[in-house]
Amino acid sequence: MRMIPILAALTGLIATSPVMARDPVFVQSAPVKDQPVVRLDPAKGYILVDSHGPLQLMLMKIPSAEDRVAYTALRAERLATLQRRYERAAKAYPAQMEAWRKDRSQLRGDRPAMPIAPTDETLDTLPFEQMTAVEFGPLNRFGRVSRANGAISTYLQSITPGRYRLYGPVSSIPNGSVGICYCMGSIGFAVKAGEVVDLGIAGSETFVYDATQTAEDSFSRQPPLFVARPESMPVNARLKDARIVPATFFPVGKLPNFYGVLVSRIAPMPGVIAYQRDRIIDLTQRP
Amino acid sequence: MRYRTMLVTMAMAVAGATPLVAQQPVVYLAGDGSPFGLATATDAEHAAQTMPDLSFDPATVDPESYEKYYYFHRPDTDFATAFADINECDDYARGLRTAASPNIPGYAASLPGAVGGLIGSAAADLIVGSGERRRMRRINMRACMGIKEYRRYGLERERWQAFHFEEGLNAVSEEDRRPQLIRQAMVASGPVPTAKVLPR
Chain P
1059 MRMIPILAAL
1069 TGLIATSPVM
1079 ARDPVFVQSA
1089 PVKDQPVVRL
1099 DPAKGYILVD
1109 SHGPLQLMLM
1119 KIPSAEDRVA
1129 YTALRAERLA
1139 TLQRRYERAA
1149 KAYPAQMEAW
1159 RKDRSQLRGD
1169 RPAMPIAPTD
1179 ETLDTLPFEQ
1189 MTAVEFGPLN
1199 RFGRVSRANG
1209 AISTYLQSIT
1219 PGRYRLYGPV
1229 SSIPNGSVGI
1239 CYCMGSIGFA
1249 VKAGEVVDLG
1259 IAGSETFVYD
1269 ATQTAEDSFS
1279 RQPPLFVARP
1289 ESMPVNARLK
1299 DARIVPATFF
1309 PVGKLPNFYG
1319 VLVSRIAPMP
1329 GVIAYQRDRI
1339 IDLTQRP
Chain C
12 MRYRTMLVTM
22 AMAVAGATPL
32 VAQQPVVYLA
42 GDGSPFGLAT
52 ATDAEHAAQT
62 MPDLSFDPAT
72 VDPESYEKYY
82 YFHRPDTDFA
92 TAFADINECD
102 DYARGLRTAA
112 SPNIPGYAAS
122 LPGAVGGLIG
132 SAAADLIVGS
142 GERRRMRRIN
152 MRACMGIKEY
162 RRYGLERERW
172 QAFHFEEGLN
182 AVSEEDRRPQ
192 LIRQAMVASG
202 PVPTAKVLPR
């Protein structure tokens, strides 16, 4: 119980800071401030989502061809740096060892560790996905509207144009992250410059069960995470001049549990993703 | 506490979703396999392990203990498939594979990296202690194996310990881990248990 306020404080601290690479910067992202007048940058893409409750989502970029080249170069550069460091250490090692062997004083430390040559496998560069992780919510809401059936929170965040996957409701704190990763199946969508991609409504209140489907059918068991925005729920009035496009979702494959959180997958989504055991069915493709 | 319970419930709910019973042809997503690659065991490794003893008298065991002590089985599953599945789930469940460290490029510059360097370790132990990590491991193994439609059966503690490990803050080494995963796969692909199937 005592841990929860600390957890909440840490979550709050981290929630505002997208995890970003320094060199090169693959993804830049920031929440759009809740101001009376909103100006969107045509060079940036935006993500919009309404939610029945506070929302906490982590996105990761799906690498483009250019991203792959840049990431490979970054790894190669890191490897070269470590290789140079290793060569220096290996050169100095015999003398260090000799000095250690001769040292008979009480101040003699531990035996010097033999330098180990770096390899691509042992490289400590973060995976591309983790390097491009972007969190949004639950803080920095763009708006909140009270309704008879509960409040709706709106989140609006700028993001580098590209293709992204939903990693899940994850809040990352090194060595102590919380949430659920959709490691075993999720969805992605594209963000274009000058566009606001509308993910729709997060939450199940607007989900209508299809009574024609059997209880064995996974579609009828779980509401999808996002449902398309109904007519009755218009986009925030401050975005009336923005170019808003409904997200086109597609299924994406499995990813490791980078943050050591709970493992799951996104609920099946009609027309997008379904499952057979742990196999992912692409409903955007016709058999 | 409520948040944590909710997360667990959500994870289990999705994990437990019955898959689509599809007679019609479907298109599988290309590259929908394990993100860790396909794990394999050689025939020699397999042959070197003995089938664990699963016999015990359920009357002598508190069913509550099955929350911790259980094994998986799926009918019509061969050893190679079970071994690959158990390894994939083990890889999700072993948690932080990429330890955050200030010398990781692209990480130190971010606030989480800085916070991690200062208070990360202390906070991690406070928030996710060893017992909590062991619990998370159990939940993730259940969620993942449940998604793969393995059934869960209870086991007596000592029988369980003979071919399972728990993993908290201290990692279990590869050489200790692998034989146990092989034996778990032997059980998962072995004779169909007569015991009661537990909830996923």
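Protein chains in written order, with our numbering: chain P, 1059 to 1345; chain C, 12 to 211. Beta carbons are placed, not taken as given, at the ideal position from N, Cα and C, and that holds for glycine. Just so it is clear, the structure is predicted and the values come from calculations on it, not from any experiment.
Problem - Beta-carbon spacing of serine 1244/P, valine 1285/P below 8 Å - result: Not closer than 8 Å, so no.
Practice task
Report all residues from its chain with a CB closer than 8 Å to the CB of isoleucine 1120/P; omit the five preceding and five following residues, and keep chain order.
Solution key: Non-local C-beta neighbours of isoleucine 1120/P in its own chain, meaning closer than 8 Å and more than five positions away in sequence, comprise Gly1220, Arg1221, Tyr1222, Arg1223, Gly1246 and Val1310, ordered along the chain.
Problem - Start and end residues, alpha helix (DSSP H) containing glutamate 1193/P - result: Glutamate 1193/P -> not in any alpha helix (DSSP H); beta strand (DSSP E) instead, spanning 1192-1194.
Problem - Reduced DSSP category for proline 123/C - H, G, I as helix; E, B as strand; rest coil - result: Summary for proline 123/C: the model assigns pLDDT 42, below 50, so the residue's position carries little reliability, and this model does not support an answer.
Problem - Among Pro1328/P, Lys1312/P, Arg1169/P and Tyr1151/P, the one whose alpha carbon lies nearest that of valine 1321/P - result: Looking at the Cα atoms, Lys1312/P is the closest of the given residues.
Practice task
Measuring alpha carbon to alpha carbon, tell me which of Gly48/C, Ala52/C, Arg188/C and Glu167/C ends up nearest alanine 206/C.
Solution key: The shortest Cα separation from alanine 206/C among Gly48/C, Ala52/C, Arg188/C and Glu167/C belongs to Glu167/C.
Practice task
Inspect the beta-carbon positions of phenylalanine 1307/P and valine 1330/P and report whether they are closer than 8 Å.
Solution key: Yes, they are a contact pair.
Practice task
Decide if leucine 49/C is buried, meaning its Cβ has at least 16 other Cβ atoms within 10 Å, or exposed.
Solution key: Flag for leucine 49/C reads exposed.
Handout entry: Option in Ala1325/P, Gly1226/P and Ile1238/P with minimal Cα separation from isoleucine 150/C
Key = That would be Ile1238/P, whose Cα lies nearest to the Cα of isoleucine 150/C.
Exercise for the section: Below 9 Å between beta carbons is the criterion; list the residues of the segment 1317-1330 of chain P that meet it against any residue of chain C, in chain order. Expected result: Along the segment 1317-1330 of chain P, the positions whose C-beta sits under 9 Å from a C-beta of chain C are Tyr1317, Gly1318, Val1319, Leu1320, Val1321, Ser1322, Arg1323, Ile1324, Ala1325 and Pro1326, read in chain order.
Exercise for the section: Can you tell me which of Pro210/C, Arg211/C and Pro202/C puts its alpha carbon nearest to the alpha carbon of aspartate 89/C? Expected result: The residue among Pro210/C, Arg211/C and Pro202/C with its C-alpha nearest the C-alpha of aspartate 89/C is Pro202/C.
Practice task
Alpha carbon to alpha carbon, how far is glutamate 99/C from proline 36/C? Give it in angstroms, no decimals.
Solution key: Distance between the alpha carbons of proline 36/C and glutamate 99/C is about 26 Å.
Exercise for the section: Answer with buried or exposed for alanine 1172/P, where buried requires no fewer than 16 other C-beta atoms within 10 angstroms of its C-beta. Expected result: With the sequence shown as reference, residue 1172/P is identified as methionine, and alanine is not the correct amino acid for it. Residue environment analysis places methionine 1172/P among the exposed positions, since fewer than 16 neighbouring C-beta atoms fall within 10 angstroms of its C-beta.
Problem - Helix, strand or coil at valine 1127/P [DSSP, three-state] - result: For valine 1127/P, the three-state secondary structure derived from DSSP is helix.
Practice task
Pull up the distance between the alpha-carbon of arginine 1146/P and that of threonine 1183/P, whole angstroms please.
Solution key: The alpha-carbon atoms of arginine 1146/P and threonine 1183/P are separated by roughly 21 Å.
Problem - Chain-ordered neighbours of aspartate 1336/P on chain C, where CB pairs are closer than 7 Å - result: Those are Ile158 and Lys159, listed as they occur along chain C.
Practice task
Can you have a look at tyrosine 1333/P and say buried or exposed, based on whether 16 or more other CB atoms are within 10 angstroms of its CB?
Solution key: Counting other Cβ atoms within 10 Å of its Cβ, tyrosine 1333/P reaches 16 or more and is therefore classed as buried.
Practice task
Work out the CA separation of methionine 62/C and methionine 156/C for me, nearest whole Å.
Solution key: CA-to-CA, the gap between methionine 156/C and methionine 62/C works out to about 20 Å.
Practice task
With a threshold of 16 other CB atoms inside 10 Å of the CB of glycine 165/C, please say whether the residue is buried or exposed.
Solution key: In the assembly as shown, glycine 165/C is a buried residue. Its beta-carbon has 16 or more other beta-carbons within 10 Å.
Problem - Helix, strand or coil at lysine 1119/P [DSSP, three-state] - result: Reduced to three states, the DSSP call for lysine 1119/P is strand.
Exercise for the section: Spell out a yes or no on whether the segment 1192-1212 of chain P and the segment 1109-1125 of chain P are touching, meaning 3 or more CB-CB pairs, one atom from each, closer than 8 Å. Expected result: Of all C-beta pairs linking the segment 1192-1212 of chain P to the segment 1109-1125 of chain P, three or more are shorter than 8 Å, placing the two stretches in contact.
Handout entry: Residue nearest to aspartate 54/C in terms of C-alpha spacing, selected from Ala199/C, Arg211/C and Pro190/C
Key = Looking at the Cα atoms, Pro190/C is the closest of the given residues.
Handout entry: Stretch-stretch touch, CB-based, cutoff 8 Å, three pairs: the segment 71-89 of chain C with the segment 168-178 of chain C
Key = Two segments are said to touch when three or more pairs of C-beta atoms, one from each, lie closer than 8 Å; by this definition the segment 71-89 of chain C touches the segment 168-178 of chain C.
Handout entry: Buried/exposed call for proline 1152/P, threshold 16 Cβ in 10 Å
Key = With fewer than 16 other Cβ atoms from the protein chains shown falling within 10 Å of its own Cβ, proline 1152/P counts as exposed.
Exercise for the section: Starting from proline 1089/P, trace the alpha helix (DSSP H) both ways and give me its first and last residue. Expected result: Here proline 1089/P belongs to no alpha helix (DSSP H); instead the beta strand (DSSP E) covers 1087-1089.
Handout entry: Beta-carbon gap between alanine 52/C and phenylalanine 83/C smaller than 8 Å
Key = Alanine 52/C is not a Cβ neighbour of phenylalanine 83/C, given a cutoff of 8 Å.
Problem - Per DSSP, cross-strand counterpart(s) of lysine 1308/P - result: Rather than lysine, the amino acid found at residue 1308/P in this sequence is phenylalanine. DSSP lists Gly1246/P as partners of phenylalanine 1308/P.
Practice task
Give a yes or no on whether the minimum CB-CB distance between serine 45/C and chain P is below 8 Å.
Solution key: Residue contact check for serine 45/C against chain P: a CB pair falls below 8 Å.
Exercise for the section: Would you please verify whether the beta carbon of proline 36/C is less than 8 Å from any beta carbon of chain P? Expected result: Yes, proline 36/C counts as interfacial toward chain P.
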